[in-house]
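S.K.: Handing you a structure now.
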Amino acid sequence: AELDRETCEVRESSKCASEDLEDAERELQRATRRGESGIQQLEASVTEAKDRVRQAQTAERAVHKQLFERLDDFPELRQLLPSGMPAELLPYFQESRSLEHFEERSKLPGISRNTLWKASIDGRLVALKEFRVDSSMIKTCYQEAALLLKCR
1296 AELDRETCEV
1306 RESSKCASED
1316 LEDAERELQR
1326 ATRRGESGIQ
1336 QLEASVTEAK
1346 DRVRQAQTAE
1356 RAVHKQLFER
1366 LDDFPELRQL
1376 LPSGMPAELL
1386 PYFQESRSLE
1396 HFEERSKLPG
1406 ISRNTLWKAS
1416 IDGRLVALKE
1426 FRVDSSMIKT
1436 CYQEAALLLK
1446 CR
């Protein structure tokens, strides 16, 4: 019950932090487009919002790790995790992270049904693959992520 409550709190905190970041980025874009003053303050707000998102995601990863470690003893905890996700991906799962959380995003050329991105986060260079979200594509996403994890 405690872990269930903590999971819900962490998810809500992460969701709020992500929404705050989106709001801060929107305000900065609007002010930049309009040529308004106070751009530096808005940029600082975006940086602070990104820090809060990272902190929330760190807490979310910690809770997911606790869930993952207890799945064998408490299978009912599985309902708190995404349906169909392979167990080996659970320690890496970050429900609230979206493309906007990555810095220096650029589309990569290539022939693929899904868009490929080169991006960075927390100073690390990463490759991203964007999937349409439906039941069949999420299964494909999980399979590809598990395969990449094994190749790591």
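Residue numbers (the numbering used here): 1296 to 1447. Built from N, CA and C at the ideal position, the CB exists for glycine as well.
Less than 9 Å separating the beta-carbons of W1412 and E1425?
M.R.: Counting from one through the sequence shown, the residue named residue 1412 turns up at place 117. Counting from one through the sequence shown, the residue named residue 1425 turns up at place 130. Yes, these two residues count as a Cβ contact at 9 Å.
S.K.: Alpha carbon to alpha carbon, what distance is there between E1395 and K1402?
M.R.: Counted from its first residue, the sequence shown places residue 1402 at position 107. Counted from its first residue, the sequence shown places residue 1395 at position 100. Their Cα atoms are separated by approximately 13 Å.
S.K.: Going by DSSP, which residues form a beta bridge with V1421?
M.R.: Along the sequence shown, read from residue 1 onward, the residue named residue 1421 stands at position 126. The partner list for V1421 (beta bridge, DSSP) reads A1414.
S.K.: Counting along the chain, where does the beta strand (DSSP E) carrying R1400 start and finish?
M.R.: The sequence position of residue 1400 within the sequence shown is 105, counting from 1. Per DSSP, R1400 belongs to the beta strand (DSSP E) from E1398 to K1402.
S.K.: So A1351 and S1309 are in contact, right, with Cβ under 8 Å, and what is the actual spacing, rounded?
M.R.: On the sequence shown, residue 1351 is found 56 positions in, with the first residue counted as 1. On the sequence shown, residue 1309 is found 14 positions in, with the first residue counted as 1. With a Cβ gap of about 4 Å, A1351 and S1309 count as contacting.
S.K.: What is the DSSP secondary structure of F1426, counted as helix, strand or coil?
M.R.: If you number the sequence shown from 1, residue 1426 lands on position 131. Looking at F1426 - three-state DSSP - the assignment turns out to be coil, as it is neither helix nor strand.
S.K.: With three or more beta-carbon pairs closer than 8 Å as the criterion, would you say the region 1339-1350 touches the region 1308-1327?
M.R.: Short answer: they touch.
S.K.: Return the chain-ordered list of same chain residues with a C-beta closer than 8 Å to the C-beta of E1322, the five sequence neighbours on each side being excluded.
M.R.: In the sequence shown, residue 1322 corresponds to position 27, counting from 1. Here the set comprises L1337 and S1340.
S.K.: Could you spell out the range, first to last residue, of the alpha helix (DSSP H) harbouring F1363?
M.R.: Counted from its first residue, the sequence shown places residue 1363 at position 68. Counting along the chain, the alpha helix (DSSP H) containing F1363 begins and ends at I1334 to R1365.
S.K.: Go through its chain and collect everything with a Cβ distance to G1333's Cβ below 8 Å, but skip five positions before and after it.
M.R.: In the sequence shown, counting from the first residue as 1, residue 1333 sits at position 38. So the list reads A1326, once near-sequence residues are dropped.
S.K.: Give the straight-line distance between the Cα atoms of L1443 and Y1437, rounded to the nearest whole angstrom.
M.R.: Counted from its first residue, the sequence shown places residue 1443 at position 148. Counted from its first residue, the sequence shown places residue 1437 at position 142. Rounded to whole angstroms, L1443 to Y1437 spans 10 Å at the Cα level.
S.K.: With DSSP run on the structure shown, which of helix, strand or coil describes M1432?
M.R.: Translated into the one-based positions of the sequence shown, residue 1432 becomes position 137. In the structure shown, M1432 sits in a helix (DSSP, three-state: H, G or I).
S.K.: For S1313, count neighbouring Cβ atoms within 10 angstroms of its own Cβ and tell me buried if that reaches 16, exposed if not.
M.R.: In the sequence shown, counting from the first residue as 1, residue 1313 sits at position 18. Per the 10 Å Cβ criterion, buried.
S.K.: How would you write the range of the alpha helix (DSSP H) that Q1324 sits in, first residue to last?
M.R.: Position 29 of the sequence shown, counting from 1, holds the residue named residue 1324. E1297 to R1329 is the span of the alpha helix (DSSP H), which, as asked, contains Q1324.
S.K.: Using the three-state DSSP reduction, which class does P1370 fall into: helix, strand or coil?
M.R.: Here the question's residue 1370 lines up with position 75 in the sequence shown. Helix.
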